[in-house]
Amino acid sequence: MATRRKHYVMNRRVYSEDSFTAEHERISRRHKTILGHVKDCFSCDSKRAKNAALTLLPIIGWMRSYKIKEWLLGDLVSGISTGLVAIMQGLAFSLLAELPPIYGLYTAFFPMLTYFFFGTSRHISVGSFPVLSLMIGAVVLRLVPTEGPSADFEAFEGLNKTEQRVLVASSITFLMGIYQLAMGVLQVGFVVVYLSDTLVSGFTTAAAVHILVSQLKFVLGLNVGGLSGILSLIYTLEKIFDVITLTNICDLVMSIIIMVVVFIVKELNDRYRAKLPVPIPIEAIMTIIACGVSYAFDFQNRYQVTVVGKMISGFEPPTAPSIEVFEESALESFPIAIVGFAVGFSVAKVYSIKHDYNIDGNQELIAFGISNIFGASFSSFAASTALSRTAVQESSGGKTQIAGLVSAMMAMIVTLALGFLLEPLPTSVLGALVIINLKGMLMQCREIPYLWRRDKLECMVWVGTFLAATLLGLDLGLAVGLGIELLTVILRTQFPRCSVLANIPGTDLYRDRKDYPHISEPNGVKIFRIPSPIFFANIEFFKDKLVEAVGFKPLRVLRKRNKALRKLKNSLDPETATNSFGNQISTSYDTYISMEELDQPEDVKERQWQIDWSAELPEGISIPKVDIHSLILDFSAVSFLDISALKGLKVALKEFIQIDVDVYIVSCDVYILEKLYSCMFFDDKIQTSIFFPTLHDAVLHALEKHKDSWRKGQVLSHSKL
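Here you go:
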């Protein structure tokens, strides 16, 4: 049985903005000046000091409400599970940064220590992230290439290539942290909104392709130097295929086995997620097995398999970053900082919504900035989060960052005491683990058909970002993708889908006349809607679409009427003339002279007689027909007007008014109205009475005003002075 719809009846007078303001008193509000905001910003009291402390150290807030009996066990189990994954990913992703694996363990430990105190997310696992590692690696290879001399820096004196690369990676990470900290202090966390989900998806998919290609040399056991820069992916593939016949079969077979087993177990983890208390740590299991097999059968000497090798026991002392590296990598470090924050914040937001707590974008910037600065001081590289690692931390029972702290302790234990056990681990195993973890990012390409069907501009952003990042490199690709995204915004605002509205019979609802079969336009009324802001870039488009909607150019109509007036003048007696209908008309020659200023319609003086241009005109005189008496502009979707648009709008309205078409503006935002007042928009022709609060009010007013006069009659009649 169909649901019975409710009805409502409203009986009120027709309001214009003027009459509404006269009957309903509006509260006068004073807006704060810039100086007032500055004073508020620097004022302080006990409450603000307390809030500032809670904001800067979110740990105070959630530790006060920590439920030890309910949460501690889950955090411990989650920390152990996440720690196993973090250790394996740290070892693997360090290869992407062109660093020895031990530095991946540093990245799994140091950044987490500071994020524990300063971060607002309770669930993300802070550590290495493949995209950031690859972006760091590209700069490392540029400054310290595999073949050829390193950059001529004083800081490189006395250092071998590995130490030089560590210095470059830690310096870039330090600068990245400075960028993030500065943006957080300046409260510009909103920058992440410029990286849409579509752009991030295309960018990370391209990064996955780069990562896949970079790991082929490890999986195949080939000695191929890394490349960076434009088309580096193509050149890397070329170098790999040049030496493909030298593939180490042991590395290849072992990598395939690792990838197949890990893939199957990960699929089982996903399928039986609800039944498993914790996901099976298959990466850690396969790493342990690979280490044992490699050690037992002496893969390094028997099959010339490249292994991790000597693992440093303990942590390196803190070191200062290189100012020379800062100067060389300043531009490249900024997109790394943005991507690191964008990924971390987006993952944190997902879990904050799921578990119903708030995160602060600016505080997250501060937390990541401090974490990267602190970590870089101890030779770790760029840290953010990884969705797979965070998913393990949340799904295995983690409630707070106690789990993250436990995972960091596990990395510390391996670094201090158990690192030697990883020395026989083949690097091909790490490469295989990196590749298998790319599944989620590579599968994002399935979004292309959906985007193409739903929004072709969004599809253009995805494909453009993907191609640019794949071919030009991740840093340039991100810039190009952002440019394409901004271009789509410009296209949407500069060329919006304007429409002519009509009335749904029996209602006060108005819809696009093209969308409904049974819809009617009010007689003599044209309703035009523009669904975007009006500014300097689209004011001409707005005027063109308005002319297209009404079906005539008002200035051209005025010129034709002026020519018709001159013809009528020549057919009339200058003193007392009789028109074709026998009515006496008194006129003056000066009136016709002023009407000849065709391009200045707003300067036309009032005539002593009126002309009904919709009536039958004498033979030999023809002008474009104007079949409307009122034009209504729906401004309900116009969020702002700039000065250029305001001037263009004023000219357009006067052109219509000059040819006796009443113009009304409806649903105009109150702040736009205030701007119109302040910019002297109103004069003797454009008055405040043209503004109406609703579309239906304006339609009823226009129909009532012209119910008697909108008909064919005499060409000339006396005006009412």
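Going left to right, the sequence shown walks through residues 527 to 1247 as our numbering numbers them. C-beta atoms are modelled at their ideal positions from N, C-alpha and C, and glycine is treated no differently.
As assigned by DSSP and simplified to three states, the class of residue i
i       : result
Ala1028 : strand
Ser859  : helix
Arg1018 : helix
Gln1110 : Residue confidence for Gln1110 is low, a pLDDT of 38 falling below 50, so the modelled location carries little weight and cannot support an answer.
Ile962  : helix
Phe1062 : coil
Pro514  : Any property of residue 514 remains undetermined from this structure, which presents the chain solely from 527 to 1247.
Lys1238 : Bear in mind that the predicted position of Lys1238 carries a pLDDT of just 44, short of 50, making it too unreliable to give a figure here.
Leu1167 : strand
Phe635  : helix
Val1177 : helix
Pro952  : strand
Phe1218 : strand
Asn898  : helix
Phe700  : helix
Gly600  : helix
Gln1213 : coil
CB contact flag (residue i, residue j, <8 Å)
i       : j       : result
Thr996  : Val735  : yes
Gln889  : Thr640  : no
Ile1053 : Ile1158 : yes
Ala612  : Ser659  : no
Glu850  : Glu680  : yes
Ser754  : Leu667  : yes
Asn898  : Thr699  : yes
Phe1218 : Glu543  : yes
Lys925  : Gly600  : yes
Phe860  : Val718  : no
Pro637  : Ser914  : no
Leu1221 : Val1189 : no
Val1083 : Ile1149 : yes
Ala816  : Leu951  : yes
Tyr720  : Phe904  : no
Ser839  : Gly945  : yes
Ile1056 : Val1187 : no
Phe655  : Ala929  : no
Thr941  : Ser696  : no
Cys1205 : Ile1169 : yes
Ala934  : Ala579  : no
Val791  : Ile808  : yes
Val1015 : Gly605  : no
Contacting residues, own chain, Cβ-Cβ under 7 Å from residue i (five flanking each side not counted)
i       : result
Val769  : Leu748, Val750
Phe729  : Thr991, Ala995, Gly1003, Leu1004, Gly1007
Ala1178 : Lys1069, Leu1072
Ser727  : Gln970, Glu973, Trp988
Thr491  : An answer regarding residue 491 cannot be provided, because it is not within the stretch 527 to 1247 covered by the chain.
Phe643  : Leu583, Ile585
Val540  : Asp1223, Leu1226, His1227
Residues bridged to residue i (per DSSP)
i       : result
Ser910  : Gly653
Ser1046 : Asn1029
Phe644  : None; Phe644 has no bridge partner.
Phe679  : Answer by DSSP bridge pairing: none, since Phe679 is not bridged.
Val1073 : Answer is none; Val1073 lacks a bridge partner.
Phe867  : According to DSSP, which records beta bridges pairwise, Phe867 is partnered with nothing at all.
Residue interval of the alpha helix (DSSP H) (run including residue i)
i       : result
Ser1156 : Looking at the DSSP string, Ser1156 is not in any alpha helix (DSSP H); the run it does join, the beta strand (DSSP E), is 1156-1160.
Asn795  : 775-797
Val726  : 723-746
Ser820  : 808-822
Gln830  : Looking at the DSSP string, Gln830 is not in any alpha helix (DSSP H), and its letter there is neither H nor E.
Tyr1197 : 1196-1204
Gln713  : Segment: none, Gln713 is in no alpha helix (DSSP H) and carries neither H nor E.
Ala929  : 928-939
6 Å CB neighbourhood of residue i in its chain, flanking five on each side removed
i       : result
Gln741  : Gly957, Val960, Ile961
Ile784  : Met812, Val955, Ala958
Ala513  : The structure shown does not extend to residue 513, since the chain is modelled only from 527 through 1247, so no value can be given for it.
Pro1090 : Position check: residue 1090 holds Ala in this sequence, whereas Pro was assumed. Around Ala1090: Ile1147, Ile1149.
Ile1212 : Leu1179
Leu968  : Ala734
Limits of the unbroken beta strand (DSSP E) element including residue i
i       : result
Ile885  : Element bounds for Ile885: n/a, residue is neither H nor E.
Ile1191 : 1188-1192
Tyr1036 : 1036-1038
Ile1053 : 1051-1055
Short CB-CB distance (under 8 Å) between residue i and chain B
i      : result
Val535 : Going by chain labels, chain B is absent from the structure shown, which holds only one protein chain.
Any non-hydrogen atom of the ligand PLP within 7 Å of residue i CB
i      : result
Leu599 : As for the ligand PLP, it is missing from this structure, which has no ligand bound.
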